[in-house]
Each structure stands twice: as C-alpha cells, then as structure tokens.
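**Q** Those letters in the sequence shown? Residues 1 to 381, per the UniProt record's numbering, in order. From the three backbone atoms N, C-alpha and C, an ideal C-beta is built for every residue, glycine too. Since the structure is predicted, the reported quantities are computational estimates derived from the model, not experimental observations.
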Amino acid sequence: MMSETPVILLEATEALTLPRLDRREFVKATGVSIAALGVLSVAGGSAFATGSKNAVSPPEGADNFYKSDRVTVQKVTFKNSYNLQIVGNLVAPKNPAANAKAPAIIVGHPMGAVKEQSSMLYAQKLAEQGFITLAIDLPFWGESEGQPRNQVAPEMYADAFSAAVDYLGTRDFIDRNRIGVLGICGSGGFAISAAKMDQRLKAVATVSMYDMGAVTRHGLGHSVTAEQRQAMLAKAAEQRYDEFSTGTLQFLNYLPAQPGKETDPVTREFWDFYRTPRGIHIPHGRTLELTQNRALTSEVRFVNFYPFNDIETISPRPLLFIAGDQAHSRAFSEDAYQRATEPKELAWVPGAGHVDLYDRVDLIPWTKLTAFFTRHLTVVG
1 MMSETPVILL EATEALTLPR LDRREFVKAT GVSIAALGVL SVAGGSAFAT
51 GSKNAVSPPE GADNFYKSDR VTVQKVTFKN SYNLQIVGNL VAPKNPAANA
101 KAPAIIVGHP MGAVKEQSSM LYAQKLAEQG FITLAIDLPF WGESEGQPRN
151 QVAPEMYADA FSAAVDYLGT RDFIDRNRIG VLGICGSGGF AISAAKMDQR
201 LKAVATVSMY DMGAVTRHGL GHSVTAEQRQ AMLAKAAEQR YDEFSTGTLQ
251 FLNYLPAQPG KETDPVTREF WDFYRTPRGI HIPHGRTLEL TQNRALTSEV
301 RFVNFYPFND IETISPRPLL FIAGDQAHSR AFSEDAYQRA TEPKELAWVP
351 GAGHVDLYDR VDLIPWTKLT AFFTRHLTVV G
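#1: Under the criterion of a Cβ to heavy atom distance below 7 Å, does A135 qualify as lining the ligand MG?
#2: Mind listing, in chain order, the continuous alpha helix (DSSP H) runs of no fewer than 4 residues lying wholly within the segment 326–359?
#3: At what residue ranges does the segment 183–218 contain a whole run of the alpha helix (DSSP H), taking only runs of 4 or more?
#4: Pick out whichever of Y274, Y337 and T341 has its Cα sitting closest to the Cα of W348.
#5: For the alpha helix (DSSP H) containing K368, list its first residue and its last residue.
#6: Reducing DSSP to helix, strand and coil, say where N83 ends up.
#7: Quick one: is H328 buried, meaning 16 or more other Cβ sit within 10 Å of its Cβ, or exposed?
#8: Are there 16 or more other CB atoms within 10 angstroms of the CB of residue 383, so buried, or fewer, so exposed?
#9: Could you tell me which of L296, Y66, E334 and T246 sits nearest to L233, measuring between CA atoms?
#10: To which residues does DSSP link L320 through a beta bridge?
#11: Opposite N89 in the DSSP bridges: which residues?
#12: Based on Cα-Cα distance, which residue from P277, Q151, G247 and F131 lies nearest to L377?
#13: Just grab the DSSP bridge partners of G221 for me.
#14: Classify N150: buried if its beta carbon has 16 or more other beta carbons within 10 angstroms, exposed otherwise.
#15: Expressed to the nearest angstrom, what Euclidean distance is found between the alpha-carbon atoms of K368 and R286?
#16: Tell me which same chain residues have a C-beta within less than 8 Å of the C-beta of L255, skipping the five on either side of it?
#17: Buried or exposed: T170, going by 16 or more other Cβ atoms within 10 Å of its Cβ?
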C-alpha cells in the first residue's frame, strides 16, 4: 500500500506475415484476457487511466525521437554467451572529460519494443550529463540476432546485459568498475535478474518497471485466477503441436489496428505510443502489425520468471525504482522495493502514468537519474 512505502515526489530480414491469434479467440479458448500476458488490464483499468483517450496527437512533452546535438551515436555489435550478435547504439558526450575513463550505463528497452523506443531518449539525455551509454536491442528484437523473431527468452534477455558489460568493460575509454544499468518497463526486471548474477553492474535503476513473470502468472491487480492460468498454459501446450507440425508460429494480437469503444484504458495507453507517430518504429524487414506481438508458446515462459526472488542479494549495490504515481504498473516497483535491502530508493513521479515515462521529457526525472548514477558510479570498487 502507498502508506507503507516511503514516497519521494519528483518534479518534473524479411517481412513477417505470420498468423495471429485474435483476442476473442484466445479469450474463448482460455477464459483469460491477454491482460494475463502483460499488456491489457482487466481489473481497475479505469483507475489508472492516464494519457490520451481518443486523441491521436501526442501528450505534452512527448519526444521519443529526440536527437541531441551534444552527443555522438555509433552503432556497435558484440556477441552474447549464446553466440548471438547483439546490436546497440553507443552514445557519448561530444566533449568528454580529458584523460579520464568514463562511467557507462546500459539502457534496456520496454518489453516488445526496440532501442529506438524510449531507450535512445534516455541514452542521449544521460550521455549529455557525461556518461557513456549503450542502448541495446535484446535478443530476438530489433537489430539483434535470434530466431524466430519476437521470442520470449528471459534468461537470454538478462544475459544480454552481461554481454553489454563484457563489451563496455573491454573498451579503453570506459572504467569497467563504473558500469550501471537502466531498465525501462520489462527491462527493469531483466536488468534486476542480470544484476543478481553479475556483480560488475554497480548500480541499477528502473523506470516504469514491469515484472513480466508476475503479470503473466496473475495479471494486473491479480485479475487472473489459477484456473484461467491453467487454461492459458493448456492452450499454449496444444499450440506447440500445431507449430511443430506446420513450422508456423501463431502470434497473440496485443494491440488492435484501431482502438474502439471496448478498448480498455491500459491497452489504449500502449496503443497511443506504439501505434501512432509518437512512438512507431518498425525494424528493418518487419511489419507494424507484428511489432510488440509475441507467440503464446514462448510467452508462457514468463510463468517461470521470478526476477524479484533474492533481489536482496544485489546489496550493497544500490537500487533506484522510478514510477508514475498513476501508473497501472506501480505495484511492481513497490514489490521490488519492499523485497530489496538497502541501499534502495523508490521515487514517484506525480501525475505520471506508465507510458508517460517512456518519452515525456517534462515528466521524466532526469535530475534524479543523473544524481543516482553520478553518486554511485563515482567511487571505484
């Protein structure tokens, strides 16, 4: 509950043409909304409704495709431990400190997104403050390798952050003892998962974090029953036979082509970002129709994903959780904060929803993030 948690208020290849599983078909087969799979809200959605309703124009301050004239951007590639190529954008200040190795921050994109959606905004803004930043595409997404595309692979997602440390820590202009990580939305959980295993990550921050394991098991606000979860798993298991026989994945249709009167507020919040010029980015060789969408047979892997278990083992390395106080996802940051041990901090952004912190430069707490990484990536060791 809010009253139990200290509150800090802050100011300010080839195009895929794979079949999709219609939302109505999925609900009919399993009795569970796609809310169970991390996108839609069944219970309490209107209580967290923020952002645009029917308007197409972006909200005030939205600047996902921000281009800084104070940084340089270089595309880099490196292998992960699965021998897949990870692609990232290395962002550096144009006027770095002379004769000094720089601290670095790895930036992870929202679940189902790519580095050009939210991550590059954060990477550039933090680089303007003197950090070297690396915005990566997780395996199976964006420009990074991995087949089939859009696969859910939590262990490999976490490993991508460690692979990024491998790369950064072997650059002669970066201090390998001062590497941090920032995870947005689902990458918050993946970054925490990585930090539990990789002590080279010296500071961990999350923004609008989603626990993709919890939301897949229980839905938002525990709106999914055990029976519905079992039906979802049964549907996925049966679907494996079809995919094995045909070699064709069937994708869940998370976002409608156009929202309607029946579209719930959380789906609309995501649609306003991912399906409008505000945030649309279609990776080469992909289609808008399948961006964000995942196959049910891989989505259920999140059922076995528990990023907050043993989160206390990250201590004494610091944790910062940032979320909007109106975000439908706020409970995940609260849960992580309560489980973590010091040093930790939970900061609420007044009036902000979940997606607001993807790109609304007027709401994102840049000063808080800069101060956190400056403080904790300053002392070597």
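**A** This is what the structure holds:
#1: Inclusion of the ligand MG in the displayed structure is not the case, the ligand content being empty and no account of it being possible.
#2: 330–339 and 356–359
#3: Counting whole runs of 4 or more residues, the segment 183–218 contains the alpha helix (DSSP H) stretches 187–197 and 212–218.
#4: Minimum Cα distance to W348 is reached at Y337.
#5: W366 to H376
#6: coil
#7: buried
#8: Lying before the first or after the last residue shown, residue 383 is absent from the chain, which here runs from 1 to 381.
#9: L296
#10: A205 and E345
#11: In DSSP, N89 forms a bridge with K75 and A135.
#12: F131
#13: Its beta-bridge partners do not exist; DSSP assigns none.
#14: With a threshold of 16 other beta carbon atoms within 10 Å, N150 meets it and is buried.
#15: The straight-line gap from Cα to Cα measures roughly 36 Å.
#16: Same-chain partners within the cutoff: V39, T267, F270, W271, Y274, R275, Q292 and N293.
#17: With fewer than 16 other beta carbons inside 10 angstroms of its own, T170 counts as exposed.
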